[in-house]
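I have placed the structure first, in the form of structure tokens, so that the comments after it can refer back to it.
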Amino acid sequence: DTGVSQNPRHKITKRGQNVTFRCDPISEHNRLYWYRQTLGQGPEFLTYFQNEAQLEKSRLLSDRFSAERPKGSFSTLEIQRTEQGDSAMYLCASSDRDIVGTQYFGPGTRLLVL
Amino acid sequence: AQKVTQAQTEISVVEKEDVTLDCVYETRDTTYYLFWYKQPPSGELVFLIRRNSFDEQNEISGRYSWNFQKSTSSFNFTITASQVVDSAVYFCALSEGDFGNEKLTFGTGTRLTIIP
Chain X
1 DTGVSQNPRH KITKRGQNVT FRCDPISEHN RLYWYRQTLG QGPEFLTYFQ
51 NEAQLEKSRL LSDRFSAERP KGSFSTLEIQ RTEQGDSAMY LCASSDRDIV
101 GTQYFGPGTR LLVL
Chain L
1001 AQKVTQAQTE ISVVEKEDVT LDCVYETRDT TYYLFWYKQP PSGELVFLIR
1051 RNSFDEQNEI SGRYSWNFQK STSSFNFTIT ASQVVDSAVY FCALSEGDFG
1101 NEKLTFGTGT RLTIIP
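Protein sequences appear in the order of chains X and L. Under this note's numbering, the first residue of the first sequence carries the number 1, and numbering increases by one thereafter. Under this note's numbering, the first residue of the second sequence carries the number 1001, and numbering increases by one thereafter.
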């Protein structure tokens, strides 16, 4: 039974570049969530999907951020024109809506924007 | 709007002592779920417990126990006979709705250090 996986685990980029992260949820889970965590803070909700439908987006998700889950399986989170303030840990979680849905988290992608 | 407050930023105790981590929440919903997660130095959030708003029974799991009190909007977590492996950041979280699988609102976390 594999858990949630995220790639890459670490990403260093220069300001202004685009980056894309991938999340593979637990196979039978139909909900997928993205959170962002900065140093010393709790994770903050960004967006979530049920299958391929994006159900909610936080106002934290500026126009530079876009998330997709095209086939209802893996998801990608893209940040365009990165800024230093985007440096954070990006966490993905999944849950099964058909039973009480505890969210299980992946290891995260740590982004550093220079 | 939902909110979770963990007033204790850092706690240090000597190994084998008991320690309680506090969590206070705010919500307008009558149906909601509360969670505790552990984040060890490796960084991955590990699920510990889920409790729904209709179940105020305390729960014990080994050295861990949880006290849910709706009257004070608190969901506190106690570790008995602490061990060095318990050192981590602990987050309390809230999800409104019927299934506990809507977005999570996290507190700022409590960093627990167990001194050998």
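Where is the CB? At the ideal position from N, CA and C, for every residue including glycine.
{"query": "Using beta-carbon positions only, say whether Gln-17 of chain X and Thr-82 of chain X come within less than 8 Å of one another.", "result": "yes"}
{"query": "Under the three-state reduction of DSSP, which class applies to Ser-1071 of chain L: helix, strand or coil?", "result": "helix"}
{"query": "For His-29 of chain X, count neighbouring C-beta atoms within 10 Å of its own C-beta (all shown protein chains included) and say buried if the count is 16 or more, exposed if not.", "result": "buried"}
{"query": "Measuring only the C-alpha atoms, how far is Glu-52 of chain X from Asp-24 of chain X?", "result": "13 Å"}
{"query": "Return the first residue and the last residue of the beta strand (DSSP E) that Gln-37 of chain X is part of.", "result": "31-37"}
{"query": "Gln-41 of chain X: which of L:Ser-1095, L:Ser-1087, L:Gln-1006, L:Tyr-1032 sits nearest, CA to CA?", "result": "L:Gln-1006"}
{"query": "Contact criterion: CB-CB distance below 8 Å. Does Ser-66 of chain X meet it with respect to chain L?", "result": "no"}
{"query": "Could you compute how far the alpha carbon of Leu-1112 of chain L sits from the alpha carbon of Thr-1009 of chain L?", "result": "9 Å"}
{"query": "My output table needs one value for Val-1004 of chain L: the three-state DSSP class, helix, strand or coil.", "result": "strand"}
{"query": "Using only CA atoms, which one of X:Ser-27, X:Glu-44, X:Gln-50 lies nearest to Tyr-90 of chain X?", "result": "X:Glu-44"}
{"query": "For Gly-3 of chain X and Ser-1087 of chain L, what's the separation of their Cα atoms in angstroms?", "result": "23 Å"}
{"query": "For a test of the three-state rule: what should DSSP assign to Gln-1121 of chain L, helix, strand or coil?", "result": "Since the displayed chain L opens at 1001 and closes at 1116, residue 1121 of chain L lies outside it and no answer follows."}
{"query": "Along chain L, which residues have their Cβ under 8 Å away from the Cβ of Tyr-104 of chain X?", "result": "Phe-1047"}
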